[in-house]
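Following UniProt numbering, the numbering of the sequence shown begins with 1 at its first residue and continues without gaps.
Beta carbons are placed, not taken as given, at the ideal position from N, Cα and C, and that holds for glycine.
These numbers come from a predicted model, not from an experiment.
To start, the structure under review is shown below, and the notes come after it.
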Amino acid sequence: MSSSKATKLASDRRRWWALAKRAQMMNLLGKKGGGKGMPTLPNPDPKKREIHFPNLHLRLVAPTEEARMRGIEVATFITTPNVTKTEIKTFLTDVHGIEVLKVDTANYEGKKKRNLERGNLFRKPDYKKVYVTLGQRWFPPERFCVPSK
């Protein structure tokens, strides 16, 4: 890097630092308007607005045909091991509106396989099985179930 570019970069840094210090002294950084002189409108709804964008991978294990006919009291899901019981319960109640009584989990290691030609060891990812006790029986649609043999 040439010396003229280095001095320009240093002067830019100094200028930005001075602007930040001036804004801090004027107490503009902590305001909602961002310190741009723009007024902020009050929230018309005083209670907190919540928007759910969950980063949660829940895969429902398809029930058998007999279980579909009787109705399901305990739904089984498969997810990643880092998901907690409270996250699952809040996700199902808030996002999907399902009444959840209890959540049980079991952690499993991924299956290990060996390539016989090269001797390499492969592993499927670890997973967590989640058993959710529902508030009322759920009758899944017919196309959703695994056919009984």
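Beta carbon of residue i, beta carbon of residue j: below 8 Å?
{"i": "L60", "j": "V83", "result": "no"}
{"i": "K85", "j": "A106", "result": "no"}
{"i": "V132", "j": "V74", "result": "yes"}
{"i": "W138", "j": "G71", "result": "yes"}
Tell me the residue span of the beta strand (DSSP E) that contains residue i.
{"i": "T64", "result": "Element bounds for T64: n/a, residue is neither H nor E."}
{"i": "K102", "result": "V100 to Y108"}
{"i": "K128", "result": "Y127 to W138"}
{"i": "E73", "result": "I72 to T79"}
Who are the near neighbours of residue i in its chain, counting only those whose CB is closer than 6 Å to its CB and skipping five residues on each side?
{"i": "K112", "result": "R123"}
{"i": "K89", "result": "V100 and V103"}
{"i": "L121", "result": "R114"}
Here's the rule I'm using: 16 or more other beta-carbon atoms within 10 Å means buried, otherwise exposed. How should residue i be labelled?
{"i": "F77", "result": "buried"}
{"i": "R68", "result": "buried"}
{"i": "L92", "result": "buried"}
{"i": "P63", "result": "buried"}
Looking only at its own chain, which residues have a Cβ that is under 8 Å from the Cβ of residue i, when we skip the five neighbours before and after it?
{"i": "W16", "result": "none"}
In the DSSP assignment, the alpha helix (DSSP H) including residue i goes from what residue to what residue?
{"i": "E87", "result": "K85 to T90"}
Keeping to the same chain, check which residues put their C-beta closer than 7 Å to that of residue i; ignore five residues upstream and five downstream.
{"i": "E109", "result": "D126"}
{"i": "P140", "result": "P63, R68 and I72"}
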